């Protein structure tokens, strides 16, 4: 939404943020009752040892500007966001059961919005909660969107939840910040110190 507001010139600067704090004991109780949480409190994305996710707390904020305006202002450009997509997971069998069709749709839409082909992507930061049901559904959706026609160049998958837990409402911005700070964007001509 922030990127759309910038593109439509509704604003010149936008803040995109997420914050998640564990303040209500009832949420933890509900997640425990659903067996959604890992007994050891750790998320293990895409692991054979996956047994639920570990919750985390955090807050992240990114400042967004149109690229030309940032360059003109002499701002440090950490990354160029070419496109994004959001959707609702839609109907599924439950909170911990993702909808594979919805995941395929949002992955395809993100590629279209960024004007990229699947083979141009080297790294994908995933949701990767570390659940025995959710991770395989996500990988299947990724394989169906990024797999066909892919050359021998691998698609590397990552998930910040293995390091900091599932930040729930802040998980998207945590993933974005991880990718930016990891240097996955390096080499883009407009990114400079």
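Numbering (this note's numbering), first residue to last: 1 to 193. Note that the Cβ used here is the ideal one computed from N, Cα and C, for glycine as well. As the structure is a computational prediction, the values presented were derived from the model and not from experiment.
Problem - Inter-stretch contact (C-beta, 8 Å, three-pair minimum) for the segment 157-175 and the segment 13-21 - result: yes
Practice task
Measuring alpha carbon to alpha carbon, tell me which of 142, 125, 126, 4 ends up nearest residue 64.
Solution key: Residue numbering aside, residue 64 sits at position 64 when the chain shown is read from its first letter. Per the Cα distances, 4.
Handout entry: residue 172, enclosing alpha helix (DSSP H) - first and last residue
Key = Taking the first residue of the chain shown as 1, we reach residue 172 at position 172. That run of the alpha helix (DSSP H) goes 171-182.
Practice task
Along the alpha helix (DSSP H) that carries residue 102, what are the first and last residues, could you check?
Solution key: Counting from one through the chain shown, the residue named residue 102 turns up at place 102. Note, residue 102: alpha helix (DSSP H), 100-114.
Handout entry: residue 125: first and last residue of the uninterrupted beta strand (DSSP E) it sits in
Key = Along the chain shown, one-based indexing puts residue 125 at 125. Element bounds for residue 125: 123-125.
Exercise for the section: Give a yes or no on whether the C-beta atoms belonging to residue 162 and residue 43 are separated by under 9 Å. Expected result: In the chain shown, the residue the question calls residue 162 occupies position 162. In the chain shown, the residue the question calls residue 43 occupies position 43. Yes, Cβ-Cβ distance for residue 162 and residue 43 is below 9 Å.
Practice task
Spell out whether any CB of chain D is found under 9 Å from the CB atom of residue 30.
Solution key: The question asks about chain D, but that chain is absent: this structure has only one protein chain.
Practice task
In the DSSP assignment, find the unbroken beta strand (DSSP E) run with residue 18 in it and report its ends.
Solution key: The residue given as residue 18 occupies position 18 in the chain shown. Counting along the chain, the beta strand (DSSP E) containing residue 18 begins and ends at 13-20.
Practice task
Would you identify the three-state DSSP class for residue 58, choosing helix, strand or coil?
Solution key: Here the question's residue 58 lines up with position 58 in the chain shown. Strand at residue 58.
Exercise for the section: Report the residue from 10, 1, 108, 94 whose alpha carbon sits nearest the alpha carbon of residue 145. Expected result: Walking along the chain shown from the start, residue 145 turns up at place 145. With distances taken between Cα atoms, residue 145 lies closest to 108.
Problem - Alpha carbon of residue 71 to alpha carbon of residue 6, nearest angstrom - result: On the chain shown, position 71 is the one that residue 71 refers to. On the chain shown, position 6 is the one that residue 6 refers to. Taking the straight line joining both Cα atoms gives about 15 Å.
Handout entry: Contained beta strand (DSSP E) runs [length at least 3] in the segment 26-76, N- to C-terminal order
Key = 58-65
Exercise for the section: Kindly confirm or deny that the segment 108-126 and the segment 81-97 touch, where touching means at least three C-beta pairs closer than 8 Å. Expected result: yes
Handout entry: Cβ-based burial, residue 135 [other Cβ within 10 Å; buried from 16]
Key = Here the question's residue 135 lines up with position 135 in the chain shown. Buried.
Handout entry: Whole-angstrom distance between residue 137 and residue 104, CA atom to CA atom
Key = Within the chain shown, numbered from 1, the residue matching residue 104 stands at position 104. Within the chain shown, numbered from 1, the residue matching residue 137 stands at position 137. Near 10 Å, if we compare the C-alpha coordinates of residue 137 and residue 104.
Practice task
State the Cα-Cα distance for the pair residue 40 and residue 9, rounded to the nearest angstrom.
Solution key: As a position in the chain shown, residue 40 is number 40, starting the count at 1. As a position in the chain shown, residue 9 is number 9, starting the count at 1. Their Cα atoms are separated by approximately 47 Å.
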